[in-house]
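Participant:
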Amino acid sequence: MSGIFEYNGGSIVGMKGKNCIAMACDRRFGQQMSTITTNYQKVFKIQDNILLALSGLNTDIHTFYALMEKEINLYNLKENRKMKPTTFANLVASALYERRFGPFFVTPIVAGLENGKPILATYDSIGCKSDLDDFQVGGTGGNYIYGACEAFFKPDMSPEELEEVIGQSLVSGCDRDALSGWGGVVYVLTEQKLTVKILKTKQT
Amino acid sequence: MTDFALTTFSSKGKLLQIEYALNAVAKGDTAIGIKAKNGVVLVVEKKQSSILIEESSVQKIALMTDNIAATYAGLGPDFRVLSQQARKLVKKYDLKYQEEIFVQTLSRELAEDVQIATQRGGIRPFGVSILIAGYDEEGPHLVQLDPSGAYYSWKATAIGKQAKNAKAFLEKRYNADMEIEDAINTALLTLKEGFEGQITPTNIEVGVIRDDHVFRILPPSQVKDYLEELE
Chain A
1 MSGIFEYNGG SIVGMKGKNC IAMACDRRFG QQMSTITTNY QKVFKIQDNI LLALSGLNTD
61 IHTFYALMEK EINLYNLKEN RKMKPTTFAN LVASALYERR FGPFFVTPIV AGLENGKPIL
121 ATYDSIGCKS DLDDFQVGGT GGNYIYGACE AFFKPDMSPE ELEEVIGQSL VSGCDRDALS
181 GWGGVVYVLT EQKLTVKILK TKQT
Chain B
1 MTDFALTTFS SKGKLLQIEY ALNAVAKGDT AIGIKAKNGV VLVVEKKQSS ILIEESSVQK
61 IALMTDNIAA TYAGLGPDFR VLSQQARKLV KKYDLKYQEE IFVQTLSREL AEDVQIATQR
121 GGIRPFGVSI LIAGYDEEGP HLVQLDPSGA YYSWKATAIG KQAKNAKAFL EKRYNADMEI
181 EDAINTALLT LKEGFEGQIT PTNIEVGVIR DDHVFRILPP SQVKDYLEEL E
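Chains A and B supply the protein sequences, listed in that same order. Take the first sequence: its position 148, counting from 1, is numbered 148 in full-length UniProt numbering, and each next residue is one higher. Take the second sequence: its position 61, counting from 1, is numbered 61 in full-length UniProt numbering, and each next residue is one higher.
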C-alpha cells in the first residue's frame, strides 16, 4: 500500500487562542482517487472541554475514537470525576504506544481548555506527544495548511478571529491538496460554549 | 494449584476466614490515623520482641508515592506484599495518565487485590488491615482497608490491639477544625493511653502529610520533641 496514511485522505488543524481553542477538519472520505462521501466526521467532542481530531486511515480514525470514548466513559464512572485535558492528552499517547508494533494509522490532535488555559497536543502514530506550538496540523494537506497558518496566525486571538484564521488556513490548504476538501468544519471552544461552523471549499 | 476457594460461606452466611483474618489484625500492634483539615497523621506502635533487633531496619509506615503512605495492623509480610502491589498500581496509573493518583482511586484498586484473596482458589485472605493516608487534589484522606476488601474513609480511626479503646478516646477528642499539629498531638496521646510500658521515639513510628502534598516519616529526633510536648 503506497502510503497507508494517504489512502483515505483528509486534513486536520488545531489552534490556540486567548482562553479558547479551535479545531478544523475537511469532510472528504475517499479511497485513493475516488470520493466516497463528503460528510465524514474527523473532529470529536470527547468531553465538554476536550476535542479530539484524527487524520489518517478512516477505519482507524473511527476505532481509535471509539477506544478513547470508552476510556473516558470508564474513567468518569470509576473516578467519579471529569478528565483533565492534560490527562487525556497523556492517555492518547499511552494508548497509541500500546500498539507500538501494530499501530493505529492515525495522527491525532487533542485540544482542550484546562481552567481556562488552552491545551494543544499532537502525536505521531505511535504516541510521540508534542505540545509546544500554538498550532498543529495533520493529514495529507497538513504541509499546505502549515504555510497558511504561519502567514495568518498571531498569538492570543479572540474566538471570532481564531475561527476566521483557522477556517482560512484549512480552506487554503485543502484547496491545494487533491485528497482533502469537499467542505470543512470549524469548531471553536471557549469556557462558555462550543461553536460549529461548516465551510465551503473548492468542490473538487 | 487448587481450583476451589479456601474461603467458603458457613451455613450462617459468614466467611469465617475473613473473621479469622480480622482476629489476626486485632492481635497486631496498634496503628492510629487522624485526618486534620490541612493534613493527615499516622502513628504506629513498633514493639520489638527483643532488644537485639536493629530498630531502624523495621519500617512500619511505607510510602506508596510522594503524597500517599500506609501503615498496618496484623501480619507484617502481608503488608509488605500489598505495599509492593500498591506501588505498582500507582506507577501503572502514572504511566497511563501521567497524573497524581487520587487516594480513593488507589484504595479502590488495592481493595480489588485484597478481595480477590477471599474468592479465588487456593489462597488465603490477607491478614492485615491497612490505613492509607494521603493528600491529593481533593484534600486530605484517611482510608482503612480490611482483609475482606472493604474500605472506609475515616476522620480518625485506630486498628490493632487497642483499636476499641483508642477509637473511644478519639471520639471524645476529635473535632473537625483540627489542624495537623493538634492531630499529631492527639494521635500520640491516643497511642500513649493504651501503650504497654514506656513510649519512646524508637518504639513508635510517626508519619505526617501536610498541604504541600509530601508525606514525611518523622525522624526519632522530631518524634522526641513531640513526645516531650505531651508531658
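Note that beta-carbon positions come from the ideal geometry of N, C-alpha and C, so glycine has one too. If you're wondering where the values come from, they're calculated on a predicted model, not measured in any experiment.
(1) Per DSSP, what kind of secondary structure is glycine 167 of chain A in: helix, strand or coil?
(2) Going by C-alpha distance, which of B/Glu181, B/Tyr97 and B/Gly207 is nearest valine 85 of chain A?
(3) Kindly indicate the opening and closing residues of the beta strand (DSSP E) around alanine 151 of chain A.
(4) Contact check, leucine 95 of chain B vs serine 94 of chain A under 8 angstroms by CB: the rounded distance?
(5) Secondary structure at asparagine 85 of chain A, three-state DSSP: helix, strand or coil?
(6) Quick check on arginine 28 of chain A: does DSSP put it in helix, strand or coil?
(7) Any C-beta of chain A sitting closer than 8 angstroms to the C-beta of glutamate 228 of chain B?
(8) Using the beta-carbon of each residue, which ones in chain B are nearer than 7 angstroms to serine 94 of chain A?
(9) If distances are taken between C-alpha atoms only, which option among A/Phe29, A/Leu77, A/Leu74 and A/Val13 comes closest to leucine 51 of chain A?
(10) Whole angstroms are fine: how far does the CA of glycine 102 of chain A sit from the CA of leucine 188 of chain B?
(11) If you measure from the beta carbon of glutamate 112 of chain B to each beta carbon in chain A, is any gap under 8 angstroms?
(12) Would you identify the three-state DSSP class for threonine 59 of chain A, choosing helix, strand or coil?
(13) For glutamate 183 of chain B, which residues from the same chain have a beta carbon less than 6 angstroms from its beta carbon, with the 5 sequence-adjacent residues on both sides left out?
(14) Taking Cβ-Cβ distances below 7 angstroms as the criterion, which residues of the region 48-66 of chain B are in contact with chain A?
(15) Which residue's Cα is closest to the Cα of alanine 151 of chain A: A/Leu67, A/Ser169 and A/Pro159?
(16) In three-state terms, what does DSSP make of glycine 14 of chain A?
(17) Checking 8 angstroms against the spacing of the C-beta atoms, do isoleucine 119 of chain A and alanine 22 of chain A come in under that value?
(18) Going by alpha carbons, who is nearest to leucine 54 of chain A out of A/Asn19, A/Gly142 and A/Gly138?
(19) Does the beta carbon of histidine 213 of chain B sit closer than 8 angstroms to a beta carbon anywhere in chain A?
(20) Identify, in the order they occur along the chain, each residue of the same chain with its Cβ nearer than 8 angstroms to the Cβ of asparagine 19 of chain A, setting aside the five sequence neighbours on each side.
(21) Tell me, please, which residues DSSP counts as bridged to threonine 37 of chain A.
(22) Which one or two residues does DSSP pair with proline 219 of chain B in a beta bridge?
(23) With 8 angstroms as the threshold, decide whether the Cβ of asparagine 99 of chain B is near any Cβ in chain A.
(24) Between phenylalanine 105 of chain A and glycine 56 of chain A, which are expected to be in contact by the criterion C-beta below 8 angstroms, what is the C-beta distance as a whole number of angstroms?
(25) Report yes if the CB atom of valine 214 of chain B is closer than 8 angstroms to the CB atom of asparagine 67 of chain B, and no otherwise.
(26) Against chain A, does threonine 105 of chain B count as a neighbour if the rule is that its beta carbon must be under 8 angstroms from one of theirs?
(27) Nearest chain B C-beta to glutamate 114 of chain A closer than 8 angstroms, yes or no?
(28) Are lysine 161 of chain B and alanine 26 of chain B close, meaning C-beta to C-beta below 8 angstroms?
(29) Buried or exposed for methionine 15 of chain A, going by 16 or more other Cβ atoms inside 10 Å?
(30) Return the chain-ordered list of same chain residues with a C-beta closer than 6 angstroms to the C-beta of leucine 218 of chain B, the five sequence neighbours on each side being excluded.
(31) So, are the CB atoms of alanine 62 of chain B and leucine 131 of chain B less than 8 angstroms apart?
(32) I need the straight-line Cα distance from glycine 9 of chain A to asparagine 90 of chain A, nearest angstrom please.
(33) Using the beta-carbon of each residue, which ones in chain B are nearer than 9 angstroms to alanine 73 of chain A?
(34) List the residues of chain B that leucine 91 of chain A touches, going by C-beta distances under 7 angstroms, in chain order.
(35) By the criterion of Cβ-Cβ separation under 9 angstroms, what are the contact partners of phenylalanine 102 of chain B in chain A?
(36) Can you check DSSP and say which residues form a bridge with lysine 35 of chain B?
Facilitator: With the structure as the only source:
(1) The count along the first sequence starts at 1 and reaches residue 167 of chain A at position 167. Three-state result, glycine 167 of chain A: helix.
(2) One-based indexing of the first sequence puts residue 85 of chain A at position 85. Sequence inspection shows proline at residue 85 of chain A; the valine mentioned does not correspond to that position. Of the candidates B/Glu181, B/Tyr97 and B/Gly207, B/Tyr97 places its Cα closest to the Cα of proline 85 of chain A.
(3) As a first step, residue 151 of chain A must be located in the first sequence, where it is residue number 151. Careful: alanine 151 of chain A lies outside any beta strand (DSSP E), inside the alpha helix (DSSP H) at 142-152.
(4) Here residue 95 of chain B refers to the residue found at position 95 of the second sequence. Here residue 94 of chain A refers to the residue found at position 94 of the first sequence. That pair is a contact at about 7 angstroms.
(5) Indexing the first sequence from 1 puts residue 85 of chain A at position 85. Here residue 85 of chain A is proline; the residue named in the question, asparagine, does not match the sequence. Three-state result, proline 85 of chain A: helix.
(6) Your numbering for residue 28 of chain A matches position 28 in the first sequence. Correct three-state label for arginine 28 of chain A: coil.
(7) The sequence position of residue 228 of chain B within the second sequence is 228, counting from 1. False, the Cβ-Cβ gap to chain A never drops below 8 angstroms.
(8) Numbered from its first residue, the first sequence carries residue 94 of chain A at position 94. Those within 7 angstroms of serine 94 of chain A in chain B are Leu95 and Lys96.
(9) Along the first sequence, read from residue 1 onward, the residue named residue 51 of chain A stands at position 51. Nearest of A/Phe29, A/Leu77, A/Leu74 and A/Val13 to leucine 51 of chain A, Cα basis: A/Val13.
(10) Within the second sequence, residue 188 of chain B is the residue found at index 188, counting from 1. Within the first sequence, residue 102 of chain A is the residue found at index 102, counting from 1. Each residue's Cα considered, the two are about 57 angstroms apart.
(11) Along the second sequence, one-based indexing puts residue 112 of chain B at 112. For glutamate 112 of chain B, the answer is no, since every Cβ of chain A falls outside 8 angstroms of its Cβ.
(12) As a working mapping, residue 59 of chain A is identified with position 59 in the first sequence. Threonine 59 of chain A: helix per DSSP, three-state reduction.
(13) Numbered from its first residue, the second sequence carries residue 183 of chain B at position 183. Residue identity check: residue 183 of chain B is alanine in the sequence provided, not glutamate. Hits under 6 angstroms: Ile34, Ala36 and Val41.
(14) Cβ contacts with chain A come from no residue of the region 48-66 of chain B.
(15) Position 151 of the first sequence holds residue 151 of chain A. Considering only alpha carbons, the answer is A/Ser169.
(16) Locating residue 14 of chain A in the first sequence gives position 14, where the first residue counts as 1. Strand.
(17) Start at 1 with the first residue of the first sequence, and residue 119 of chain A comes out as number 119. Start at 1 with the first residue of the first sequence, and residue 22 of chain A comes out as number 22. Contact flag unset, no.
(18) The residue you call residue 54 of chain A lines up with position 54 of the first sequence. Comparing Cα positions, the closest option is A/Gly138.
(19) Here residue 213 of chain B is taken as the residue at index 213 of the second sequence, counted from 1. It does not: the Cβ of histidine 213 of chain B has no partner Cβ on chain A nearer than 8 angstroms.
(20) Here residue 19 of chain A refers to the residue found at position 19 of the first sequence. Only Leu113, Gly116, Lys117, Pro118, Thr190 and Glu191 meet the Cβ criterion.
(21) Position 37 of the first sequence, counted from the first residue, corresponds to residue 37 of chain A. Looking at the DSSP assignment, threonine 37 of chain A forms a beta bridge with A/Phe29.
(22) Within the second sequence, the letter at position 219 stands for residue 219 of chain B. The partner list for proline 219 of chain B (beta bridge, DSSP) is empty, contrary to what the question assumes.
(23) Start at 1 with the first residue of the second sequence, and residue 99 of chain B comes out as number 99. The sequence given here places glutamate at residue 99 of chain B; asparagine does not occur at that position. With 8 angstroms as the cut-off, glutamate 99 of chain B counts as an interface residue toward chain A.
(24) Locating residue 105 of chain A in the first sequence gives position 105, counting from the first residue. Locating residue 56 of chain A in the first sequence gives position 56, counting from the first residue. With a Cβ gap of about 5 angstroms, phenylalanine 105 of chain A and glycine 56 of chain A count as contacting.
(25) Here residue 214 of chain B is taken as the residue at index 214 of the second sequence, counted from 1. Here residue 67 of chain B is taken as the residue at index 67 of the second sequence, counted from 1. In contact: valine 214 of chain B and asparagine 67 of chain B (Cβ atoms closer than 8 angstroms).
(26) Numbered from its first residue, the second sequence carries residue 105 of chain B at position 105. Judged by the 8 angstroms Cβ criterion, threonine 105 of chain B is in contact with chain A.
(27) In the first sequence, residue 114 of chain A corresponds to position 114, counting from 1. Judged by the 8 angstroms Cβ criterion, glutamate 114 of chain A is not in contact with chain B.
(28) Translated into the one-based positions of the second sequence, residue 161 of chain B becomes position 161. Translated into the one-based positions of the second sequence, residue 26 of chain B becomes position 26. Yes, Cβ-Cβ distance for lysine 161 of chain B and alanine 26 of chain B is below 8 angstroms.
(29) Within the first sequence, the letter at position 15 stands for residue 15 of chain A. By the neighbour-count rule (16 or more Cβ atoms within 10 Å), methionine 15 of chain A is buried.
(30) Numbered from its first residue, the second sequence carries residue 218 of chain B at position 218. So the qualifying residues of the chain are Val206.
(31) The residue given as residue 62 of chain B occupies position 62 in the second sequence. The residue given as residue 131 of chain B occupies position 131 in the second sequence. Not in contact: alanine 62 of chain B and leucine 131 of chain B (Cβ atoms no closer than 8 angstroms).
(32) Position 9 of the first sequence, counted from the first residue, corresponds to residue 9 of chain A. Position 90 of the first sequence, counted from the first residue, corresponds to residue 90 of chain A. Taking the straight line from one Cα to the other gives about 26 angstroms.
(33) Residue 73 of chain A sits at position 73 when you count from the first residue of the first sequence. It is asparagine, not alanine, that sits at residue 73 of chain A in the sequence shown. Those do not exist, as asparagine 73 of chain A stays about 15 angstroms from chain B at its closest Cβ, beyond 9 angstroms.
(34) As a position in the first sequence, residue 91 of chain A is number 91, starting the count at 1. By Cβ distance, chain B contributes Lys96 and Tyr97.
(35) Working through the second sequence from its first residue, we reach residue 102 of chain B at position 102. Near phenylalanine 102 of chain B (Cβ distances below 9 angstroms), the residues of chain A are Glu79 and Arg81.
(36) In the second sequence, residue 35 of chain B corresponds to position 35, counting from 1. Partner(s): B/Val40.
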